[in-house]
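Residue numbers (UniProt numbering): 1 to 583.
Every residue gets a Cβ at the ideal spot worked out from N, C-alpha and C, and that includes glycine.
Everything on this sheet refers to the single structure shown next.
Rendered as C-alpha cells:
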C-alpha cells in the first residue's frame with residue numbers, strides 16, 4: 001500500500017521519506033529528525049495518510065535539554081555556590097575539593113575560566129576596614145586591577161570530558177600573594193581579602209543566550225547561559241611572630257668552653273592561624289627547642305645558648321623558617337610541607353681567651369737540654385730566678401764587660417743567642433738571620449744541613465725559576481693590554497672624528513625619588529600551559545586580537561607548508577578549542 005506524510009507545525013522537522021509504497025509483508029522505516037537548537041518540550045503531530053485506512057495522527061514528543069554542569073559539595077552532595085578557603089598565610093597554599101556533575105544525557109567537554117573582571121570581585125582588599133580607609137586606598141586598587149589572577153587560584157583538572165550523568169573530582173588551590181603598596185603604608189599587619197568567581201563552561205558555548213521561542217513550543221529556560229559559576233573567597237595574612245628580646249640578641253662575654261643562655265619569648269600575634277617554626281642550625285649557638293608550633297594569640301619560650309668553639313667576636317645571622325604547605329616549583333599539582341617565610345635574627349657573642357702565665361726557667365749550664373723558648377724576646381718571669389749571677393744573665397745584652405774589642409762597635413741586627421738555644425728539631429735555620437753569643441758578641445756559626453734545606457745553587461736556581469715565570473706572566477698581561485688598546489683604537493679611529501673621546505667628561509644625571517613616575521602595570525599574557533587557568537580577560541584579549549587581524553584572500557583548505565601540516569595533525573584540547581574564535 002501507499003502512504004503520504006504531512007506536517008504543518010512550527011518546529012523544524014525533517015521526515016524522510018514523506019511518501020512511498022510498502023511492499024506486501026514488509027516494513028518500511030521512516031526517519032524523523034528534529035532541530036535541537038534551544039532547550040524546549042516538543043509535542044508535535046504529523047499526519048500519515050494510508051491507502052485504504054484514511055488519515056492517522058502520529059505524535060512527536062521530545063524534551064530537549066541543554067548541557068548543564070553543576071558544582072556539588074563533597075560531604076553533602078548538594079549544589080555548591082561558594083567555596084570558603086578562610087585565612088591563609090601569604091606564600092602558603094590551601095586546597096578544597098568539589099564535584100563537577102554533568103546533568104545531561106550526552107557527554108560534555110568542559111573548561112574552567114576564572115573571571116578577573118567580574119562585578120563584585122575583590123583582590124587585596126580588607127573588607128573589615130571602614131569606608132574612609134578604603135577610599136584612601138583607591139590607588140592600590142587601581143594598581144592590582146591589572147594583576148594576573150590566574151596565579152592565585154589553581155584548578156586541577158581545569159579541563160576534561162564528562163560522560164552522561166558523571167561526576168568528576170576537582171581540586172581548587174588558593175595561594176595568596178602579597179601585593180606591593182605605596183610608601184608609608186604598614187604592610188606587616190595588612191590583611192587582604194579575595195573574592196573571585198570561577199566558571200565551568202561547556203566547550204563551544206562561551207557566551208550564548210537562549211532566544212525566545214515561537215508559538216507551538218514550551219520554553220524550559222529563558223536567557224540561561226551555558227555555564228555554572230562558583231564563588232571563591234579567602235583571606236591572605238602576613239606572618240606576625242615577634243621575638244622578645246629581638247631581633248638583635250647579645251650574649252654575655254664568656255671564655256672558651258663556657259656557655260651563656262638567654263630566654264626568648266616567641267609570640268604569635270595572629271588572631272586566626274597558628275604558626276609552625278623551625279630554627280636552622282648555626283655554629284657556636286644552640287636553640288632549645290629548635291622547632292615547634294604556636295597557637296593563635298599564644299606565646300612559647302625558647303632558650304638561646306652561646307657555647308663558643310673559637311675565640312673572638314661572633315656575629316651570625318640566625319634564620320627562622322616558617323613551615324606550611326605550598327606548591328612545588330616544577331610540579332604545581334603537588335602540595336608539600338616547606339618553608340614559605342623566613343625571619344632573620346642577629347646573634348652577637350664574644351669569646352675571650354684565658355691568660356696563661358708562662359714562667360721563665362733558667363738553665364745556667366751549657367747543656368743540650370731544651371727547657372725554654374730561644375731568643376732575646378721571650379716570656380716574662382725571669383726575675384723570679386734564684387740562681388747566681390743575675391746580672392750576667394739578665395743584663396748581659398746591655399753590658400760591654402765581656403765583649404771582644406773587635407765586636408764592640410758593631411751596629412747590626414744580629415740576635416743574641418743563649419747558650420742553650422739549640423734547635424729542638426731538624427728544621428734548618430734562616431739564612432738571613434745572624435746570631436751572636438751572649439757575652440763576647442761573636443758571630444756564631446749557623447750550620448745548614450743540605451739534606452733538609454736548599455744548597456746555594458738550588459736556592460739560586462729556584463729564584464731564577466720564579467723570576468722567569470713572573471716575567472712570563474707579566475709579558476702576557478702586557479700583550480693583552482696592548483691588544484685591547486689597539487682594538488679600541490681601531491674601533492673609534494674612523495673617518496668621522498670630532499675630536500672627542502668616548503664618554504669623556506660625561507656625568508650621570510642626579511635624580512631623586514620624586515623624579516620617578518608611577519607607571520601603570522601592563523597586563524602580560526602568560527603562556528597558557530596545562531596548569532594555568534583561562535581568564536575572562538585573556539579570552540577578551542584573544543577576541544580583540546582576532547578582530548584586528550587582516551582578512552586574507554584566497555585561503556586554501558589544503559595545507560601547503562610544513563608548519564601548516566604539523567598544525568593540522570594536532571589534536572586540540574578542550575582549553576585550546578575554547579579559545580578558537582569563529583566569525
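C-alpha distance - residue i paired with residue j, whole-angstrom precision
| i | j | result |
| --- | --- | --- |
| residue 38 | residue 321 | 58 Å |
| residue 33 | residue 15 | 6 Å |
| residue 474 | residue 346 | 45 Å |
| residue 117 | residue 537 | 7 Å |
| residue 61 | residue 41 | 8 Å |
| residue 324 | residue 91 | 9 Å |
| residue 259 | residue 456 | 54 Å |
| residue 467 | residue 354 | 46 Å |
| residue 10 | residue 36 | 13 Å |
| residue 159 | residue 112 | 6 Å |
| residue 452 | residue 469 | 25 Å |
| residue 104 | residue 200 | 15 Å |
| residue 256 | residue 155 | 57 Å |
| residue 532 | residue 151 | 8 Å |
| residue 238 | residue 85 | 16 Å |
| residue 47 | residue 66 | 29 Å |
| residue 194 | residue 262 | 41 Å |
| residue 476 | residue 461 | 23 Å |
| residue 486 | residue 123 | 59 Å |
| residue 572 | residue 559 | 17 Å |
| residue 306 | residue 252 | 9 Å |
| residue 298 | residue 271 | 9 Å |
| residue 328 | residue 568 | 35 Å |
| residue 190 | residue 574 | 39 Å |
| residue 80 | residue 535 | 21 Å |
| residue 294 | residue 286 | 20 Å |
| residue 566 | residue 576 | 16 Å |
| residue 540 | residue 580 | 12 Å |
| residue 169 | residue 231 | 17 Å |
| residue 27 | residue 54 | 19 Å |
| residue 22 | residue 157 | 55 Å |
Outcome for residue i when other beta-carbon atoms lying within 10 angstroms are tallied against a minimum of 16
| i | result |
| --- | --- |
| residue 465 | exposed |
| residue 176 | buried |
| residue 349 | buried |
| residue 20 | exposed |
| residue 101 | buried |
| residue 436 | buried |
| residue 71 | buried |
| residue 17 | exposed |
| residue 110 | buried |
| residue 506 | exposed |
| residue 69 | buried |
| residue 149 | buried |
| residue 489 | exposed |
| residue 63 | exposed |
| residue 593 | With the chain covering 1 to 583 only, the question about residue 593 has no answer from this structure. |
| residue 450 | exposed |
| residue 492 | exposed |
| residue 312 | exposed |
| residue 463 | exposed |
| residue 495 | exposed |
| residue 202 | buried |
| residue 292 | exposed |
Residue closest to residue i, alpha-carbon to alpha-carbon, out of the options
| i | options | result |
| --- | --- | --- |
| residue 25 | 42, 535, 291 and 1 | 1 |
| residue 280 | 289, 273, 272 and 274 | 289 |
| residue 617 | 87, 12 and 577 | With the chain running from 1 to 583 in the structure shown, residue 617 is simply not present. |
| residue 93 | 11, 311, 340 and 452 | 340 |
| residue 228 | 28, 192, 121 and 82 | 82 |
| residue 432 | 488, 123 and 446 | 446 |
| residue 44 | 439, 54, 58 and 51 | 58 |
| residue 173 | 234, 162 and 179 | 234 |
| residue 265 | 253, 254 and 245 | 245 |
| residue 248 | 308, 316, 240 and 297 | 316 |
| residue 106 | 114, 166 and 463 | 166 |
| residue 30 | 5, 52 and 272 | 5 |
| residue 197 | 121, 242, 171 and 243 | 121 |
| residue 254 | 308, 482, 478 and 99 | 308 |
According to DSSP, residues forming a beta bridge with residue i
| i | result |
| --- | --- |
| residue 244 | 265 |
| residue 96 | 172 |
| residue 117 | The partner list for residue 117 (beta bridge, DSSP) is empty, contrary to what the question assumes. |
| residue 20 | 3 |
| residue 342 | 321 |
| residue 192 | 236 |
| residue 70 | 101 |
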